[in-house]
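>
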Amino acid sequence: MKEEHIIGKSVPRKEGRDKVTGAARYIDDMTMPRMLYGATVRSQIPRGIIKKISFDPQFDWAEFVTVTAQDIPGKNCIALIGDDQPCLADGKVNHPEEPILLLAHADPHLVRKAVDAVSIECEPLPAIFTMEDSERRSQIVWGDDNTFKTFLIAKGDVEDVWAKADYIVEGEYTTGAQEQLYVENNGMIAAFDREQGITVWGSLQCPYYVHKALMALCNLPAEKVRVVQAETGGAFGGKEDYPSMIAGHAALLAMKSGRPVKIVYDRMEDMTATTKRHPSRTRHRTAVSKDGKLLGGEIDFTIDGGAYATLSSVVLSRGTIHAGGPYYWPSVRIRGKAVATNAPPHGAFRGFGAPQSLFAMERHMDRIAQAVGLSPVEIRRRNFLKPGQTTTTEQTIREEIDLGKLLDRALELSDYTAKKTRFAQENENQENENRVGPVKKGMGIAAFLHGAGFTGSGERYLASVVAVEGCADGTVRVLVSSTEFGQGTNTVLCQIAAEALGLPYEDVRIAQPDTNQVPNSGPTVASRTAMVVGSLVRSAALGIKQTLIASGLIGDSYSPGEFHTACREYIAAHGELRSFARYETPEGVFWDDQKYRGEAYASFAWAVYVAEVAVDLSTYSASVEDFVALQEVGRVLHPVLAKGQIAGGVAQGIGFALYEKVVWQNGRMQNGQMTNYIMPTSADLPSIRVFFEEMGNVHGAYGAKGIGELPMDGPAPAIVNAIQDAIGDALGTRFDSVPLMPEDIFAAVCLDGEQ
Amino acid sequence: MSHTSEDRDQDRGHDCEKVRGRDREKERAKCELSLTVNGKPETVRVFPMERLLDVLRRELGLTGAKEGCGEGECGSCSILMDGKLVNSCLVPALHAAGAKVITIEGLAGGPQLNALQAVFLECGGAQCGICTPGMILSASHLLAKKPDPTLEDIREALAGNLCRCTGYIQIFEAVAQAARRRAGA
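First to last, the protein sequences are chains A and B.
Take 646 as the starting number for the first sequence in this note's numbering and just add one per residue.
Take 16 as the starting number for the second sequence in this note's numbering and just add one per residue.
1. Given tyrosine 1150(A), which residues of its chain have a CB within under 7 Å of its CB, disregarding the five upstream and five downstream residues?
2. Pick out the complete alpha helix (DSSP H) segments inside the stretch 947-986 of chain A, 4 residues or longer, and give them in chain order.
3. Have a look at Gly998(A), Asp778(A), Glu1023(A) and Ala799(A) and flag the residue whose alpha-carbon is nearest the alpha-carbon of aspartate 790(A).
4. So which residues of chain A does proline 148(B) contact, with C-beta pairs closer than 7 Å?
5. Looking at the structure shown, is tyrosine 827(A) part of a helix, part of a strand, or coil, going by DSSP?
6. For glutamate 42(B), which three-state DSSP category applies?
7. Can you list, in chain order, the residues of the stretch 1287-1298 of chain A whose Cβ is nearer than 9 Å to any Cβ on chain B?
8. When DSSP labels each residue in this structure, what does arginine 692(A) get in the three-state scheme?
9. Hey, alanine 1175(A) and alanine 1346(A) are a contact pair by Cβ (cut 8 Å); roughly how many whole angstroms apart?
10. Indicate whether alanine 1247(A) and glycine 1098(A) have their beta-carbon atoms separated by less than 8 Å.
11. For the stretch 666-689 of chain A, which residues have a beta carbon sitting closer than 9 Å to at least one beta carbon of chain B?
12. Given threonine 820(A), which residues of its chain have a CB within under 6 Å of its CB, disregarding the five upstream and five downstream residues?
13. From the beta carbon of tyrosine 910(A), is the nearest beta carbon of chain B less than 8 Å away?
14. Going by the CB atoms, is the gap between aspartate 949(A) and valine 984(A) shorter than 8 Å?
15. Return the CA-CA distance between glutamate 1045(A) and glycine 1341(A), expressed in angstroms with no decimal places.
16. For isoleucine 1368(A), which three-state DSSP category applies?
17. Three or more C-beta pairs under 8 Å: does that hold for the stretch 1356-1367 of chain A against the stretch 1184-1195 of chain A?
18. Among the candidates Ala141(B), Asn176(B), Ser153(B) and Pro126(B), whose CA atom is the shortest distance from the CA of methionine 1324(A)?
19. With distances taken Cα to Cα, identify the nearest neighbour of threonine 877(A) among Pro852(A), His894(A), Arg1154(A) and Asn721(A).
20. Given this structure, state the Cα-to-Cα distance separating glutamate 1078(A) from leucine 1262(A), to the nearest angstrom.
21. Roughly how many whole angstroms lie between the Cα atoms of glutamate 817(A) and alanine 968(A)?
22. Mind listing which residues of the stretch 859-884 of chain A have their C-beta closer than 9 Å to chain B's C-betas, in chain order?
23. Flag alanine 1328(A) as yes if its beta-carbon sits less than 8 Å from any beta-carbon of chain B, otherwise no.
24. Closest to leucine 1466(A) by CA distance: which of Ile1090(A), Cys1212(A), Ser1126(A) and Phe1093(A) is it?
25. Based on DSSP bridge pairs, tell me the residues matched to leucine 1124(A).
26. Name the chain A residues that come within less than 8 Å of glutamine 185(B), Cβ to Cβ?
27. Between valine 906(A) and alanine 749(A), is the Cβ-Cβ spacing less than 8 Å?
28. Go ahead and pull the three-state DSSP assignment for methionine 16(B).
29. Anyone know if the C-beta pair for leucine 1275(A) and leucine 1058(A) falls short of 8 Å?
30. Just how far apart, CA to CA, sit alanine 867(A) and proline 1032(A)?
31. Give me the DSSP bridge partner(s) of tryptophan 1236(A).
32. How many angstroms separate the CA atom of proline 741(A) from the CA atom of isoleucine 694(A)?
33. Using a Cβ cut-off of 8 Å (strictly closer), state whether lysine 81(B) contacts chain A.
34. Using a Cβ-Cβ distance under 8 Å, would glutamate 1023(A) count as near chain B?
35. Does chain B have any CB closer than 8 Å to the CB of methionine 1386(A)?
36. Mapping the DSSP letters down to three states, classify arginine 662(A) as helix, strand or coil.
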């Protein structure tokens, strides 16, 4: 194979210079002539009938533009999967942050004051706030049965296994909501023109999701809706579906006022009103043989979707498919269910259901190990999926993955065995010395997998298209709707095109995502960009080369100078030089959407993470002292970016495990500020040590598999396993929930033990 | 709100008067602020309690300082004011009277990247980029005080600047690298 010249090299981030000089323009950095500032009046109650909207007569309403549901030219919904979420509440509200009325004014300070001068009178209806209440159906708050979606994965005969089992191990595990907490708040600017229609610029992940939503809402044809992504300051899934709402609001105000309208949320509005990670509850019942083999199991995975369906069905799908972990189950029955409550809809957040169900699986593996009398290492080793075996959806593992080897290397890198023995001894010594406020230490591991790309037939339905263009100046431009929000989309896609064409990296540019300019390469989600879109970019780039060769303008090998001349001559003779590539399902891929069986993902990334944790028994706070993240993600296209993805994901995972707690009251987040919702700072994190194992599994462009979401899955279970290891379970103390805050550790150690 | 269209036109004329009056009143409430920003003397008219962040972004067009939280928690609006690191969202504009302010736009003092900017780019210290201007100013403040910081020094110095993308590891590497290069130079 030819030596690659750009793939695998850490070339400079395409938009990096603008980012380090402050020149990068985010949505709040942009203004337009005659621009107004928009704001949103929201429900104050979780559920009820709107009786009256009144405007404070003492307030000066001159020059305000107001918009209600009655002003919507098209359908009052945020079109996504279903159309159940209104853009503006019309008559009733189903959660405490539901938008009811929009205001705009030229003075941004005045418009915020105006929000408080509107009062909404509502007749309250009984509301529900927990999955258990939703399942009890004491109130029906959505559809006929409060259920957005259910899935059933059934493999083998589970009924048969209980009688054969030497051990039956049960457990229930829960995870809390988590705020994405991108440092740039959500924002949009919309402008309307009768001829051109509506244009929005904004902070967003998926230009064509916003495009689809605006067409329905504004009743405009595709060509009269234009969506442009501004530089986006972090997203993590949090800018997947909610930007359509904000874009809709800005568009309605712009259409009514005839002036450009900017809506930028402040931190509290962003935290309380927009989406968060779905809270979850997973129940495991597992049949195990005396030598520690999984014989079969039942897994019930339930997530709280909030008030509207939005993305819950797909989050549930991914969580359900990942619920069995990287293990071989001869038989299993997995039930997934997404239920409605009167909280703002929960949405996408890195991992998308998998961090929830994998937390449960990896905690449960430690519990199984204990029941059988094996070590956490050995129980995993005995059950790892091997090439040729099938997953819970009966997908055959075709790649040459060796999870045992991955585990061994992770143990070695973390010095797991020696430390575990030493900590056990030291913890015991401290107890014997009866020291006040001892610090106990522990080691925990988590093994997991993450499927890259859309689930099942998702990529076939998306049918993504990309274009690559040869320009007259000899440079090449990549045209995709895939967005950059920190992960490195711009850089990696340019690397792939440069590699395919044998050009210097500097000669390849990427177009700003603008639905008037770029084809629909699908949403920037699901760890699909490098693998799926990257492959298409490579094909489209090779198309340019083939066109130039077929035209006799270059030979099989050429210099950048010759390529440049060829482009110029081709364009002079034929006009445009563009090559398109469309996704096609590979041969022999089988997926049954009804039975949830078959090839769930084109490829999986695999990982073993090890956490070293210290629990201070005077403050009951736990801290991560060392963290080893080892993964197999196929070919690493850009070592610096890849390491950054893993370290950043692990940091968010540490936050999910130990720091980030959403405090709810009547469906509303009570701590919607950075001062009381705590994400890890530079002083809180351990050294996160990132390692890659390349096992020669070739997928996607130049062998890359998905990477973005994987690191979110492992930290929480590894850390909680380590805390359990540190504290022990002599008193029956169990840690089965995240976030695990100091007060929870205190309660478990001091209060539960006394009972 | 059951006005006829005639009422509305009359209201509008009346409203315009009111608005003009209000604007005049607002203008009178402003005062003059002179300061030096990135080496350049500037004079702007501001409300006394206006945030320095807004003055920089709106009046001077320096949008490198970002608003992440508006309450001094995230550090995205960090700037240097008379050599001190401050959250510009917490500084009333008039406190900056006569001050020498450096923002990310003026850090390099020319078209070339300065050493910190260059290493942030190389080491992966910037991902989404929204915290980057504040983070680089914070790092620059540290290196001015401590040219040879330990990892603990770096961790502590940057603890007021939140980054959600990187897990900070590559930012630490960038700062350490910048310090090494300065020592070598």
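Beta carbons: idealized from backbone N, C-alpha and C, even for Gly.
This is what the structure gives:
1. Ile651, Val656, Cys1139, Gln1140 and Ala1143
2. 957-967
3. Asp778(A)
4. Gly667
5. coil
6. helix
7. Lys1288, Gly1289, Gln1290, Ile1291, Ala1292, Gly1293, Gly1294, Val1295, Ala1296 and Gln1297
8. coil
9. 7 Å
10. yes
11. Thr666, Gly667, Ala668, Ala669, Arg670, Tyr671, Asp673, Asp674, Met675 and Thr676
12. Residues of the same chain with a CB within less than 6 Å of the CB of threonine 820(A), apart from the 5 flanking positions on each side, are Ser925, Gln1001, Phe1004 and Val1383 in chain order.
13. no
14. Between valine 984(A) and aspartate 949(A), the gap from beta carbon to beta carbon is short of 8 Å.
15. 8 Å
16. When secondary structure is reduced to three states using DSSP, isoleucine 1368(A) falls in the helix class.
17. Touching, no.
18. Of the candidates Ala141(B), Asn176(B), Ser153(B) and Pro126(B), the one whose C-alpha sits nearest the C-alpha of methionine 1324(A) is Asn176(B).
19. Pro852(A)
20. 14 Å
21. 13 Å
22. From the stretch 859-884 of chain A, only Glu876, Thr877, Gly878, Gly879, Ala880 and Phe881 have a Cβ closer than 9 Å to chain B.
23. yes
24. Here chain A covers residues 646 to 1400 and nothing more, so residue 1466(A) does not appear.
25. Ala1112(A)
26. Val1285, Lys1288, Gly1289 and Ala1292
27. yes
28. In this predicted model, methionine 16(B) has a pLDDT of only 35, less than 50, meaning its place in the structure is not dependable enough to derive any value.
29. yes
30. Distance between the alpha carbons of alanine 867(A) and proline 1032(A): 46 Å.
31. Gly1243(A)
32. 12 Å
33. So yes, lysine 81(B) belongs to the interface.
34. no
35. It does not; no Cβ of chain B falls within 8 Å.
36. helix
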